[in-house]
Amino acid sequence: MKSKFLIPVLAMIFATGMSFTTAELGKEQAVDYIRVDNQWMAIPEIDCGQVGPNNCRAKLQDGSVHPIYDIQNLSSLKKTTSTVPFPL
Numbered sequence: 001m002k003s004k005f006l007i008p009v010l011a012m013i014f015a016t017g018m019s020f021t022t023a024e025l026g027k028e029q030a031v032d033y034i035r036v037d038n039q040w041m042a043i044p045e046i047d048c049g050q051v052g053p054n055n056c057r058a059k060l061q062d063g064s065v066h067p068i069y070d071i072q073n074l075s076s077l078k079k080t081t082s083t084v085p086f087p088l
C-alpha cells in the first residue's frame, strides 16, 4: 500500500523540480540598427530618452553620425528630445 502511494507523490515532486530546469529559448537580445554604407548594422539597444521631434542618432568611434532605427526599415526612426548623438 505504501509503495503505491509514494510513486505518484514522487512523480509530482520530480515533475515540479524538472519544471525549473528548462532553458529559456524565447529571449531576444534587444538591438537597434544604423545604416553604414547602405548596409544595416546591429548595435546595442539605445535608450534615446523622452520621445520628441528629433531623430535619435549614434556617433561611431570614427566620428560619423548615423540615425538609429528600431527595426531594419527606413521608416522606423527612433525619436528623441535630445540633439546630441549617443556615443557607441
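Residue numbers (this note's numbering): 1 to 88. Cβ atoms here follow ideal geometry from the backbone N, Cα and C, with glycine treated the same way.
Q) With distances taken between CB atoms, is the gap from D32 to E45 smaller than 7 Å? A) For this step, residue 32 is matched to residue 32 along the sequence shown. For this step, residue 45 is matched to residue 45 along the sequence shown. Yes, these two residues count as a Cβ contact at 7 Å.
Q: Using three-state DSSP, classify A30 as helix, strand or coil.
A: The count along the sequence shown starts at 1 and reaches residue 30 at position 30. Note: A30 maps to coil in three-state DSSP.
Q) Leaving out the 5 sequence neighbours to the left and right, which residues in its chain are closer than 6 Å to K59 when beta-carbon positions are compared? A) Within the sequence shown, the letter at position 59 stands for residue 59. Excluding sequence neighbours, K59 sits near V65, P85 and P87.
Q | Cutoff 7 Å; reference N55; Cβ partners in own chain excluding five residues on either side | A | As a position in the sequence shown, residue 55 is number 55, starting the count at 1. Result list for N55: P67, L77 and K79, in chain order.
**Q.** P53 versus T81 - alpha carbon distance
**A.** Reading the sequence shown from its first residue, position 53 is the one you call residue 53. Reading the sequence shown from its first residue, position 81 is the one you call residue 81. Distance between the alpha carbons of P53 and T81 is about 6 Å.
Q | Residue nearest to G49 in terms of C-alpha spacing, selected from A42, G17, I34 and T83 | A | Translated into the one-based positions of the sequence shown, residue 49 becomes position 49. Comparing Cα positions, the closest option is T83.
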